[in-house]
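Chains as they are written, first to last, in the numbering used here: chain A, 1 to 419; chain B, 1001 to 1465.
Built from N, CA and C at the ideal position, the CB exists for glycine as well.
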Amino acid sequence: MREKLTYRGLVLGLLLTALGALEMQAQEPGDSLLSDSIENVSQAEQDADSGLSQYAQSLIKRFDKSPLLVTILYIVILYSIVTMITLLIIILLNRRRLEREEKLMDFLLEKYQNLLMNYLFEEDRKEEAFKELEEVANSRINRQILIDQMIDLSVNLKGDIKEVIQDLYIRLGLKRDSLEKAYSRKWHQNVKGFRELAYMNIRDANEQIILSLNSKNSILRMEAQIAMVRLSDGNPYEFLDLLEKPLSLWEQVTLHELQIQHNLKVPDFKQWFGSENVSVILFALEMVAWYKQRGVGKEILDLFDHEDELVRNKSYKVCGEIGLKMALSSMSKKYPEESFRNKLEILTAFTKVPDEKYLKFLKNVLDTEEDVQLQIEATKAMENTDEPGISMLIKLMKSKSEYKNYQIIIRHVLDGRIY
Amino acid sequence: MFFVLNAVFIITALIFTTYLILTVFSAVTLRKYLRKNSYVDYNSIVASPLAPSLSVIAPAYNESETIIDNIRTLLSLYYNNYEVVVINDGSKDDSLEKIIEAYELEKVNYYFDYRLPCKRIRGVYKSRNRSFKKLTVIDKSNGGKADSLNAGLNVCRNDLVVSIDADSIMEPDALLKLVKPFMEAKEKRVIGAGGVIRIANSCEISEGHIQRINLPKKFLPRAQVMEYTRAFLMGRMAWSELDGLLLISGALGMFDREIVIKAGGYSTETVGEDMELVVRIRRYMTENSLDYDVVYIPDPLCWTEVPSTVKVLARQRSRWTRGTMETLAKHRKLFFNRKYGKLGILGYPYWLAFEYLAPIVEFLGLCWFTFLVITGRLNWPFFLLLLGFVYFFAVSLSIWSVLFEEITFHKYERRRDVLRLVGTAFLEPIFYHPMVMLMTIKGNIDKIFNRNKWGKMERKGFGKN
């Protein structure tokens, strides 16, 4: 915390300096705009009858300074005092409002929850509960609370009961509210609308949601993606074909979590390896690794020649994750021309897919690379080949190399306490 | 005389206008941030295997009182892929022994290189207990905070690093909020992110976690609450939007490790290493024609103990002043340099004029005022009018920041605390500010006479509040 917003600091200093200067100037009148008191006195005398002049004269008499400057200062002081009082009132009222809202919300939530529970689980009180809910849904705020409650319930409940909630949502006319929000001109309303429609499985606004897939607003874009996944029947990631904007890592993680939470159908992700949107390829690769999808070998090898460094990086990573032995040879050939980050990923893949055939390659990496991380990763890959690799490492430890301290590297790798 | 007087008036008006603009800017940005953030679900990345791996680097020097609890807090943050690297910077107390005992540590054969220069690393420790597998402790010769951070950067392995003071308390979700801008990055590479630091004095703290937030009972820390609220919710918020942010607090910040290393790591030649690093990595990106962002998150992410005695506060402010002077001097090339964009045109000149020169101008003003009083040439009615003008404007800005706090994060739940904070806004310009101004002048004098000590920060320890 270095900068302090020293508001009064500079201002006070400048004003005090100005004050001194003004004081001195008052003894040598005539050359300052701000201290034209003498001129103003004579001016004021000429118009003695006017109220403004009387005011000016009184200021000059009291402060011996320009009436304009004094008036500005008065205005700023007045503005500051009024602001202070207004803000203080706002602060206190806001606090009171928050406390009241909290209490009211607690009361309403409990009341509506009970009504919803009666409707959902008490067959004999169902119609009575519905009538009460209809009465409740007479204001926008109450309807919003009801929608939020229904969404909470539909997240926590499974099976047929979800459909009963959706049916109630439509019967109470809440769908209209959600659609209004989905078509609103305000993005934050759109987000709410998309979310509500997606939870309630309503497809009436799909066109609007698709339009928002390429919105400039990242929050709206993400909400549209989530809604598309939730509202899909067969292929939840169909929207990836329509996506023009980059899919950020944040969005990828959110989609992945959604997939896991809702146990959505897993498509064959290699279909997006040819996408023109690089971020879509990266997501597809990540998903192939996560779901350990097979039969992707040839397509992944093609991606080794992709012009984007990150795509190549992720392809190497996937080879390690899914244990794609057939890729080792190509990776060892690509190694010399790759960036540091990609070299590291290739070596990590070799660690995950150990093969003694590549010990020579790994030893060469260990000997030629100067970077600690690359050396460690190459050594780990050698160690993971078990007997042949370990005996090679032991031999290296015993050898006395002049240009490389193998001992320190190998001791690090063999130390089981370093995770 | 004509020119000087008008210039003074114009500058004064300009300063007032600037602060008003900054206030409006921060209000708009805060509103935008809060609205966007209300739709964000951080839970999705807590356990996600796709989330990037992080290294939290915490240097510690003579922190024996609090180190065990603070490490416990660091180990229990809401995030899946992270390691904690604690650096014992040659502590003279029993910090290392306490950590070794509490976390069952032993020396390991850790291989690293001195990619960034730092004092000799005597050993790297890991725990025998797999529950603490995230923890790595480095023991090194004393070299200061920047030197320790460089040691941490040499040893850690992840792409994103979080630098934190070991005596600060992180909010459990701090990592989630800090990593978000890095994960959202598309065209521009995010190279640094910082957030709001809050004051923990008088808060109830147990086992390294804030249990109850209280406004400090003593005036001095309370005045700093006011100062921090203004700086973090108004100043930095606005500068972040204007892309002129020059500082990510040393108490907590997340950085792109590759860029930090390429730019040369933390400088050990300044006592303001946090500010200097941000300026340097920004320069590095611009000079290499790389698009980048430095992001500010207005969420409270970290709690720290601030000085509660005048003596310690004076040392801290002297250090901050020297740090600012050193950074501004080292990067003077930025001054109104269009090549560096808003950083050169807005950020640097603002810091020079408003943060560094302001207290000096103020001090000169006070000297001049004293001279006029002694010689009997002071126009008292006009002086009182000017004083009222400055005082009420300053207090109204402080109350704006209290309002920002109230409608955003609402951390002080008791009405009494808020009223006391408002009361502090009225007292601060009279009692606290002149003192801080003099401390800053002392910092200038210390720098001129080359008294470049870091200065000991005596802490009471959170448990003893």
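query	result
Assess contact between the stretch 59-74 of chain A and the stretch 1375-1392 of chain B, defined as three or more Cβ pairs (one per stretch) separated by less than 8 Å. Is contact present?	yes
Can you name the residues of chain B whose CB is closer than 8 Å to the CB of S178(A)?	Those within 8 Å of S178(A) in chain B number zero; the least Cβ separation is about 15 Å.
Just the chain B side, please: which residues come within less than 7 Å of E257(A) by C-beta, in chain order?	S1044, S1048
In chain A, what lies closer than 7 Å to P1349(B) by C-beta?	Result: empty, since nearest Cβ-Cβ is about 13 Å, beyond 7 Å.
Is it buried or exposed, F1449(B), if we count other Cβ atoms within 10 angstroms and call 16 or more buried?	exposed
Distance check for V76(A) and S1048(B), CA to CA, integer angstroms please.	54 Å
Under three-state DSSP, which class holds D36(A)?	The predicted position of D36(A) is uncertain, since its pLDDT is 45 and thus under 50; a value taken from the coordinates is nonetheless stated next. It is coil, neither helix nor strand.
At 8 Å on the CB atoms, spell out the chain B contacts of Y112(A), in chain order.	Under the 8 Å cutoff, chain B gives no residues; its nearest Cβ is about 21 Å from Y112(A).
Which residues of chain B have a Cβ atom closer than 9 Å to the Cβ of I141(A), listed in chain order?	Neighbours of I141(A) on chain B: none; closest Cβ ~17 Å, over 9 Å.
Along the chain, which unbroken stretches of the alpha helix (DSSP H) at least 4 residues long are found entirely within the stretch 1082-1114 of chain B?	1095-1102
Tell me the rounded alpha-carbon separation between N114(A) and R140(A).	20 Å
Measuring CB to CB, does L1438(B) end up less than 9 Å from F1363(B)?	yes
In this structure, how does DSSP classify L146(A) when only helix, strand and coil are distinguished?	helix
When you compare only the Cα positions, how much space is there between N1142(B) and V1279(B)?	25 Å
Tell me E1204(B)'s beta-bridge partners as DSSP assigns them.	R1212(B)
For the stretch 1410-1422 of chain B against the stretch 104-113 of chain A, do three or more pairs of beta-carbon atoms, one drawn from each stretch, fall closer than 8 Å, so that the two count as touching?	no
Any beta carbon of chain A sitting closer than 9 Å to that of H1331(B)?	no
With DSSP as the reference, identify every bridge partner of D1256(B), one or two as the case may be.	L1160(B)
Could you name each continuous alpha helix (DSSP H) segment of 4 residues or more that falls completely within the stretch 1307-1394 of chain B, going from the start of the chain to the end?	1310-1330, 1357-1374
Pull up the CB-CB distance for K1339(B) and E1276(B), whole angstroms please, since I reckon it's below 8 Å.	Actually they are not in contact, since the Cβ atoms of K1339(B) and E1276(B) sit about 19 Å apart, beyond 8 Å.
With a 10 Å radius around its C-beta and 16 neighbouring C-beta atoms as the bar for buried, classify G1272(B) as buried or exposed.	buried
Measuring CB atoms only, is the stretch 1190-1197 of chain B touching the stretch 1085-1094 of chain B, in the sense that at least three cross pairs come out at less than 8 Å?	no
E1083(B): buried (16+ other C-beta within 10 angstroms of its C-beta) or exposed?	buried
Pull up the DSSP beta-bridge partners for C1302(B), would you.	M1170(B), I1197(B)
Checking 9 Å against the spacing of the C-beta atoms, do W1351(B) and L1246(B) come in under that value?	yes
Tell me, please, whether the stretch 284-301 of chain A touches the stretch 264-274 of chain A by the rule of three or more beta-carbon pairs shorter than 8 Å.	yes
Mapping DSSP to helix, strand and coil, what is P1059(B)?	strand
List the residues of chain B whose Cβ lies closer than 9 Å to the Cβ of R95(A), in chain order.	E1406, H1410, R1415, V1418
Within this structure, are the beta carbons of I1057(B) and V1161(B) separated by less than 9 Å?	yes
When we look at the beta-carbon of R1322(B) and count the other beta-carbons within 10 Å, is it buried (16 or more) or exposed?	buried
What are the residues of the stretch 237-257 of chain A that lie near chain B, defined by any Cβ-Cβ distance shorter than 7 Å?	P246, S248, L249, W250, Q252, V253, T254, H256, E257
Show which residues of chain B have a CB atom less than 9 Å away from the CB atom of K186(A).	Within chain B, no residue comes near K186(A); the closest Cβ sits about 10 Å away, beyond 9 Å.
Identify the continuous alpha helix (DSSP H) that holds S332(A) and give its terminal residues.	328-334
So with CB distances below 7 Å, who are the chain A contacts of W1400(B)?	L87
Under 9 Å between the Cβ atoms of F1404(B) and L1233(B)?	yes
For the beta strand (DSSP E) holding L1135(B), just list the boundary residues, first then last.	1135-1140
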